Amino acid sequence: MAALQTITQSSVSTGATSYNSCKGAASTSASAFEKVVPDQFPAGLRVLVVDDDITTLRVLEQMSRKCHYDVTTCSEATVALNLLRERKGCFDVVLSDVHMPDMDGYNLLEHVGLEMDLPVIMMSADGRTSAVMRGD
């Protein structure tokens, strides 16, 4: 099966970019995609959300809870890294902002990658592709 990937970029004013991928049929038609991806969320997924913007953190927490995820939030990357070290195996995925004052998301990603086997999803409100792809 081929991997499907969609990249959506909103207007320049918001600067939001969404990257989605899914393993499935090679067809890119909407109906084929809907057949491959069930309309369900993996209830009970243990998610650590890291963002220094409290409003964004709360929105992500609420959205994740609506998906029936078990959510833990941190407003500092260093605190999140310590939590991950202390509670190894207690999270299924990390959702982290790229730009944070104490440690950027890419440094967090590097530490997680070296110390544990855990997927990290990076996000940023920065509309520059270079900022999202390289952490500039």
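In the UniProt record's numbering, the protein residues as written are 1 to 136.
Just so it is clear, CB atoms sit at the ideal spot from N, CA and C, and this is done for glycine as well.
This one's a predicted model, so the numbers in the text were calculated from it and none came from an experiment.
Assigned with DSSP and collapsed to three states, M103 falls in coil, not helix or strand. Take the alpha-carbon of D117 and the one of D51: they are about 21 Å apart. Under the three-state reduction of DSSP output, M116 falls in the coil class, being neither helix nor strand. Under DSSP, no beta-bridge partner is assigned to R85.
Judged by their CB atoms, F41 and H68 are nearer to each other than the 8 Å cut-off. Annotated as proximal: I121 and L95, with beta-carbon spacing under 8 Å. The DSSP-derived three-state label of S96 is strand.
Rounded to the nearest angstrom, the Cβ distance from A77 to V98 is 10 Å, too far for a contact under 8 Å.
In this structure, L48 lies away from L81, with their beta-carbon atoms at least 8 Å apart. Judged by their CB atoms, E61 and V71 are nearer to each other than the 8 Å cut-off. Our two residues, V79 and K88, have alpha carbons roughly 14 Å apart in a direct line. The shortest CA-to-CA distance from T56 to any of M103, M123, T129, N107 is the one to M123.
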